[in-house]
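*Asks:*
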Amino acid sequence: MKPAPFTLVRPQSLEEALSLLAEHGEEGKIIAGGQSLVPVMNLRMAQPEILIDLNRVDGLAGIAFEGGRLRLGGMVRQAALIESALVRLHAPLLAKALPNIGHVQTRSRGTIGGSLAHADPSAELPLVMVALDAELVLASAAGRRIVPARGFFLDAMETVLQPDEMIVEISVPASPPDTRCCFRELARRRGDFAIVAVAAQRTGEQLVVALGGVETVPFVSTRLNGETVRGRSRDELGAMFAEEMTGRHVMGDLHASADYRAHLAGVLVEECLREVLEP
Amino acid sequence: MTAAKSVQLRREDERLLTGKARFVDNIHLDRMVHGVFVRSPVAHAMIGSIDASKALEAGALCVLTARDLPFNDRPWVVRYWHHSIRGGMPTFLPVDRVRYVGEPVAFVVAANRYVAEDLAALVEVDYQPLPPIATPEDAMKEGVVRLHPDWENNVAATYSQANGDAKSAMKEAGHRIRRRFSFGRQTPITMETRGIVADFDATRGTLTAWMSTQAHYNVRQNLSTLLDVPEYQVRVIAEDVGGGFGAKSRTYPEEIVASHASRLLGRPVKWIEDRFENLQATTHSRAIDVDLELGCDGEGHLTALKAVLTLDVGAYVFTSGVTTSEVACAHMCNGYRIPNFEVVVRCVGTNKTPIATYRGAGQPEACFPTECLMDALANELGLSPVELRRRNLVRPRDMPYEPGSLMVGTRVHFESGDFPAMLDLVVAESGYTEEREVTAEGEHCAWGLACGIEGGGVVNFETALVRVDLSGNVTIFSGMTTQGQGQVTAYAQVCAETLGVEFDRITVFMGDTQLMAFGRGAFASRGAIFGGNSVLGASQELRRKILEYAAILLQEKPADLTIRNGRIWTVAGRETDIDLARIAQSVLPGGPLHAGEQALEAQFLYKADRPVTYGMSAHAAKVKLDPRTGFFEIVDYMVGHDAGRAINHMIVEGQIVGGAADGIGGALFSELIYDEEGQLLTGSLADYLVATAPELPRIRLAEMETVPGTNPLGVRGIGEGGLIPAAPAIANALARAMGSPDVNFEGSLYKVPLKQERVFQACRLAERQKARG
Amino acid sequence: MRFSCRINGVAYEGDVEPRLLLADFIRHEARLTGTNVGCEMGVCGACTVMADGEPVRSCLMFAVQADGMDIRTVESLAENGSLSPMQESFHKHHALQCGFCSPGFLMTLESLARKGALPKDEEDAREVLSGNICRCTGYQNIVDAVLAVSR
């Protein structure tokens, strides 16, 4: 199928983009890499009247390290993340997750901001940003606000972004050099969205385990968190996680039922724990 | 056993690699306009009304519905029809009722595809919902609305085949085993979707249709009879076709409707199916459940087979009838000697896309249950699966062997081959063992195998014409089509070898009904068997003529002459000064040898006493299974096959490897899933999965060459044997990886595709069984 | 909406609806029909072209987004009538059957070749090819064709 008609506007600067967004609000839709948006437009499942193309806006595609944080512009392509030495150095968990995202032809266009705004429950980048406790800088013509990734996702394909807002930057706290991390996912095929994905990171006594593809938004395990894990065996931790899972609303779809996802989550969490906890 | 390998790089490649191919959407004609179909969004409904006024007001060039088709109640031209079918063929557009999601309802034409889609959205169809029928089980329940008047209990066709006395033999069998199997609904997925550019020229009364089809002559017959255009004024061209796999071996309503629109508008009309339509409206396949029972004596000799096959035939019996169920029925006994069998077939209607052929066309659906049950039976008997098969495979000394079944009207007939040797070859070459390894990470590795038979050829006859031009170059015209199987190269090879002309001086044309008065096309693995043999026959006939003319010119006997590199030589080894150009010039009107022929050429219609040539293949798969998740990898894979005489080994191997990859992908991933409302949930390639490169193992080949006597070239079909035994080989490997437990895997391993979740359920069953001891 | 780009070194000016997909512009306006369209949702890879050196799905870009870009399609690969090394390798290894997907594979590989990033072992090759679907070959001969060039 072919997309329905729309008007395309091509702002050159962020200010221009934000004022267009303020002007067109509900009818306007941002296009970043287009790798998630254009398929649904081609199906006419999305029919925005005005498309605001960010691909010509200067200053949104930088990767920088300052103040102990990795600062990623909203328009940084997934391919650029893979090639970035700064990412490998300061966000090794992100670096491990990146090869699981899409294919070479989608990574060349797909952006980090676009992926986060799209908010697919099984996508890798939202999960990693939740795991790393990243902050998202949201801008509108009225100003900026900072939202933690952990509070950004509301539901499948739904975020706190207002119609006049866009993600301009993702700020990721740098992982200290002694950080150990692990990213595991199970997908029907290579490059598909994960059935379940688990991201785990340990720095000293601090542990974080986050899961994607389990609930409608990625989440941080409440039990396998912080220093609570000190002195506990892997079996004990596994049991704690299993208990946590009984209270969660696991989703199911064509590719995997809820029960199966919950089971896979347990297996992947165990693998991640082995990787980050054991000597 | 294998002669020196014959390899010839393909003539087709350069144009395909440089972007010069002529796929149907590459055709651009002056004044061409574009059509799009309005398709039913609901599975089952009465059509109250169709209002196209808004679309027409907004600029649609035309909107066609059933009432606009003067031929809508005429019959299709079909090649073959099973006698038990109780009607239920679709009209070209539905009159008052839709029966599946994606059924074409109206055709909207506009200046381009984008606008046509805008306008199609303005066509208002009033659907009055009927209860959808989601499964064959539901369909046969009492009180369920009938899909078609004569479909009692919604059974579209039912029949059986039997030999001996299966009931008594089963009762008396020393061992019996019975399980239910399910081969999920799949669809061929050609990379190029269907499409047509129809150009009706009123001044000449001709219709030219560029199409993506495997069966151009059948399309021509339909266009001619339905649109009342004399047959030779309809020309169907399928120059480059981006894959067929059975999806395009018939005529579809869209092609007729688009051609009619071209006549009404007096302009060329293009319709290109998009991928979403392709998943909904190109015929589906597989979707056969089998309840299978095997009986054997104390030594594991099979004595009886009983099976009930249920085909979820969809909403209509489409233009290839119930062929896949017939093929499955005919092949339930696989390559085994089973004296008593009874197979009952029910083709049951549901509100889903109609069923037709897909690579293997019933053979994979039969092979899967039989080969899985053979392993389960071996397990019960405490026999090796290899040994159980060896004891039952048809042996060379049994041949010719007829199991007693009929495939599409012909008796199944194993004429030649060495089935047990093929099995042994694969066992020896693959490294197959019956030991299970457990890796340090807790993964279980094991081999599994399966045997399959492939019947190639089927539709009897194909045509070819070979002509030598005045410069001594050769042109072959064939009634075939090609969708990438390398016919252009293979036919040039056959002709080069037969005629004694350089390969590079031969040009091959096919895929155009203007070339030959009649032909068939490429399906049912008949490219070499029928197309190749017709080229052989024409080349032989032409050679005979050439040598006769040469004999006159040289004042020799024809038997003392031969042709080498396009020149006449004496058999004794002396080169003459006569070449093919000289002979062609001489026989032309006005030439010294002219005897009434318009050119130096020969035509041949190849027709076989036995239209089906059988071959056997054996697959061995090694899996590495993580029992904690049900995820597995295929770490090694071998296909043993018998192509008969390989015209071109490179092409043969390409067909086998490609078939195996499709078989593996289908076994692992591909499944069309509907919800209870009859909505297709796997409507894109993001949900309907096919294999990509990382999921596939390197496929190793073991070749055997036994030359059949069923056709002069001595070739067997190669299109399907690479695929047929893939699913059971993998399922058997998985069962062994689970420790070959005495477990009934119905609903898990006995259901294709072997999705990770189903495999995990099987792992659970196996573990529970182990725990019980 | 007006835009201009270069396709295979030739300047194209377009005045098109913004919704026109780049794939459709290349195929039906520029009439370079070597680029094939297989799914229109970025899954199959058949429509892959190079945009400023990067492999992209041309069904997921609007033509006007190519404004100012240098687009390369399969028609650019063979120079002076001789096949590129990868095309030649596809031919020698029987890495195509129907050929509908081949342009997408070739353009993905061309962008890697230009960066000196062609895969050198089978696993990497399969990984890199995972965004292109082929229904005929089973990928094996494509992998061999790639490795023959990269090694």
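Residue numbers (my numbering), protein chains in the order written: chain D, 6 to 284; chain S, 50 to 822; chain B, 44 to 194. Where a beta carbon is used, it is the ideal one built from N, C-alpha and C, also for glycine.
Starting from the beta carbon of M6 of chain D, find every residue of chain S whose beta carbon is closer than 7 Å, and list them in chain order.
*Replies:* Taking the first sequence and counting its residues from 1, the one referred to as residue 6 of chain D is at position 1. Result: E166, D323 and F325.
*Asks:* Run through the DSSP bridge pairs and tell me what V801 of chain S is partnered with.
*Replies:* Here the question's residue 801 of chain S lines up with position 752 in the second sequence. Its beta-bridge partners are S:F232.
*Asks:* Would you list the one or two residues that DSSP bridges to K671 of chain S?
*Replies:* Position 622 of the second sequence, counted from the first residue, corresponds to residue 671 of chain S. Answer by DSSP bridge pairing, in chain order: S:W496 and S:D685.
*Asks:* On a Cα-Cα basis, can you pick out the residue from D:A202, D:A9 and D:Q17 that is closest to M46 of chain D?
*Replies:* Here the question's residue 46 of chain D lines up with position 41 in the first sequence. It is D:A9 whose Cα lies nearest to the Cα of M46 of chain D.
*Asks:* Report the three-state DSSP secondary structure of Q728 of chain S (helix, strand or coil).
*Replies:* As a position in the second sequence, residue 728 of chain S is number 679, starting the count at 1. Here Q728 of chain S sits in coil by DSSP.
*Asks:* Find out if the Cβ-Cβ distance for the pair L121 of chain D, A96 of chain D is shorter than 9 Å.
*Replies:* Taking the first residue of the first sequence as 1, we reach residue 121 of chain D at position 116. Taking the first residue of the first sequence as 1, we reach residue 96 of chain D at position 91. Cβ distance not < 9 Å, so L121 of chain D and A96 of chain D don't count as in contact.
*Asks:* For the region 533 to 556 of chain S, which residues have a CB atom closer than 9 Å to at least one CB atom of chain B, in sequence order?
*Replies:* G533, Q534 and G535
*Asks:* Could one say the Cβ of Y163 of chain S lies closer than 9 Å to chain B's Cβ atoms, at least one of them?
*Replies:* Numbered from its first residue, the second sequence carries residue 163 of chain S at position 114. Interface residue, yes.
*Asks:* Quick one: grab the DSSP three-state call for F198 of chain D.
*Replies:* For the purposes of this step, residue 198 of chain D is taken as the residue at position 193 of the first sequence. Reduced to three states, the DSSP call for F198 of chain D is coil.
*Asks:* So, does the CB of K24 of chain S fall closer than 9 Å to a CB anywhere in chain D?
*Replies:* For chain S, the structure presents residues 50 to 822; residue 24 of chain S sits outside this window and is missing.
*Asks:* Which complete beta strand (DSSP E) runs does the region 163 to 210 of chain D hold, if anything under 3 residues is left out?
*Replies:* 171 to 178, 185 to 191 and 201 to 208
*Asks:* Name the one or two DSSP bridge partners that D100 of chain S has.
*Replies:* Here residue 100 of chain S corresponds to residue number 51 of the second sequence, with the count starting at 1. Answer is S:E173.
*Asks:* Am I right that R82 of chain D and S41 of chain D are in contact with their C-beta atoms under 8 Å? What's the rounded C-beta distance?
*Replies:* Position 77 of the first sequence, counting from 1, holds the residue named residue 82 of chain D. Position 36 of the first sequence, counting from 1, holds the residue named residue 41 of chain D. In fact, because the Cβ distance is near 14 Å, the residues do not count as touching under 8 Å.
*Asks:* Cβ atoms of V203 of chain D and R193 of chain D: under 9 Å apart, would you say?
*Replies:* Residue mapping note: residue 193 of chain D aligns to position 188 of the first sequence, counting from 1. Residue mapping note: residue 203 of chain D aligns to position 198 of the first sequence, counting from 1. No.
*Asks:* How many angstroms separate the CA atom of L738 of chain S from the CA atom of Q235 of chain S?
*Replies:* Locating residue 738 of chain S in the second sequence gives position 689, where the first residue counts as 1. Locating residue 235 of chain S in the second sequence gives position 186, where the first residue counts as 1. The straight-line gap from Cα to Cα measures roughly 10 Å.
*Asks:* Which same chain residues end up closer than 7 Å to L734 of chain S when comparing Cβ atoms and leaving out the 5 residues on each side of it in sequence?
*Replies:* Taking the second sequence and counting its residues from 1, one reaches residue 734 of chain S at position 685. Excluding positions up to five away in sequence, the list reads R324.
*Asks:* Could you give the distance in angstroms between the alpha-carbon of A3 of chain D and the alpha-carbon of M162 of chain D?
*Replies:* Residue coverage of chain D in this structure runs from 6 to 284, which leaves residue 3 of chain D outside it and unanswerable.
*Asks:* Considering only C-alpha positions, which residue in the set S:R88, S:A70 and S:T332 is nearest to G77 of chain B?
*Replies:* For the purposes of this step, residue 77 of chain B is identified with residue 34 of the third sequence, where counting begins at 1. When only C-alpha atoms are compared, the closest one is S:A70.
*Asks:* In three-state DSSP terms, what is A270 of chain D?
*Replies:* Sequence index remark: in the first sequence, residue 270 of chain D carries index 265 (1-based). Of the three classes helix, strand and coil, the one that applies to A270 of chain D here is helix, per DSSP.
*Asks:* State the DSSP-derived secondary structure class of L139 of chain B, mapped to helix, strand or coil.
*Replies:* Translated into the one-based positions of the third sequence, residue 139 of chain B becomes position 96. In the structure shown, L139 of chain B sits in coil (DSSP, three-state: anything other than H, G, I, E or B).
*Asks:* By a C-beta neighbour count over all protein chains shown, 10 Å radius and 16 as the cutoff for buried, is G770 of chain S buried or exposed?
*Replies:* Within the second sequence, residue 770 of chain S is the residue found at index 721, counting from 1. That one is buried.
*Asks:* Taking 9 Å as the CB-CB limit, is V186 of chain B close to chain S?
*Replies:* The residue labelled residue 186 of chain B in the question sits at position 143 within the third sequence. Yes - at least one Cβ of chain S is within 9 Å of the one on V186 of chain B.
*Asks:* Mind checking if R169 of chain B is an interface residue toward chain S, Cβ cutoff 9 Å exclusive?
*Replies:* In the third sequence, counting from the first residue as 1, residue 169 of chain B sits at position 126. Yes, contact with chain S.
*Asks:* Excluding the 5 residues preceding and the 5 following F198 of chain D in the sequence, name in chain order all residues of the same chain whose CB lies nearer than 8 Å to its CB.
*Replies:* Taking the first residue of the first sequence as 1, we reach residue 198 of chain D at position 193. Here the set comprises D125, S127, A128, A192 and G218.
*Asks:* DSSP three-state label for I831 of chain S, please.
*Replies:* Since the first residue shown for chain S is 50 and the last is 822, residue 831 of chain S is missing from the structure and cannot be characterised.
*Asks:* Determine which residues of the region 172 to 194 of chain D have a Cβ less than 9 Å from any Cβ of chain S, and write them out in chain order.
*Replies:* L191, R193 and R194
*Asks:* Which residues, in order along the region 135 to 152 of chain B, keep a beta-carbon less than 8 Å from a beta-carbon of chain S?
*Replies:* K135, H137, L139, Q140, C141, G142, F143, C144, S145, P146 and L149
*Asks:* According to DSSP, is A644 of chain S part of a helix, a strand, or is it coil?
*Replies:* On the second sequence, residue 644 of chain S is found 595 positions in, with the first residue counted as 1. Here A644 of chain S sits in coil by DSSP.
*Asks:* Looking at G349 of chain S and the ligand FAD, is the gap between the Cβ and the nearest heavy atom below 8 Å?
*Replies:* For the ligand FAD, the structure offers nothing, since it holds no ligand at all.
*Asks:* Judging by CA-CA distance, which residue of S:I76, S:A165 and S:H93 is the nearest neighbour of V87 of chain S?
*Replies:* In the second sequence, the residue the question calls residue 87 of chain S occupies position 38. Closest option to V87 of chain S, Cα to Cα, is S:A165.
*Asks:* Give the C-beta separation of A692 of chain S and V701 of chain S to the nearest angstrom, bearing in mind that I take them to be a contact with Cβ-Cβ under 8 Å.
*Replies:* Counting from 1 along the second sequence, the entry for residue 692 of chain S is found at position 643. Counting from 1 along the second sequence, the entry for residue 701 of chain S is found at position 652. Going by Cβ atoms, the distance from A692 of chain S to V701 of chain S rounds to 5 Å, so yes, they are a contact pair.
*Asks:* Measure the C-alpha to C-alpha separation of T419 of chain S and N697 of chain S and round it to an integer number of angstroms.
*Replies:* Here residue 419 of chain S is taken as the residue at index 370 of the second sequence, counted from 1. Here residue 697 of chain S is taken as the residue at index 648 of the second sequence, counted from 1. Their Cα atoms are separated by approximately 32 Å.
*Asks:* Nearest-angstrom Cα distance between S527 of chain S and F558 of chain S?
*Replies:* Within the second sequence, residue 527 of chain S is the residue found at index 478, counting from 1. Within the second sequence, residue 558 of chain S is the residue found at index 509, counting from 1. About 6 Å.
*Asks:* Short check: CB of L38 of chain S to CB of L642 of chain S, under 9 Å?
*Replies:* Outside the displayed range of chain S (50 to 822) lies residue 38 of chain S, so it cannot be described from this structure.
*Asks:* Taking all protein chains shown into account, decide if M95 of chain S is buried (16 or more other Cβ within 10 angstroms of its Cβ) or exposed.
*Replies:* Taking the second sequence and counting its residues from 1, one reaches residue 95 of chain S at position 46. Within 10 angstroms of the beta-carbon of M95 of chain S lie fewer than 16 other beta-carbons, which makes it exposed.
*Asks:* So for L212 of chain D, helix, strand or coil by DSSP?
*Replies:* Position 207 of the first sequence, counted from the start, is the residue given in the question as residue 212 of chain D. DSSP, read as helix, strand or coil, puts L212 of chain D in strand.
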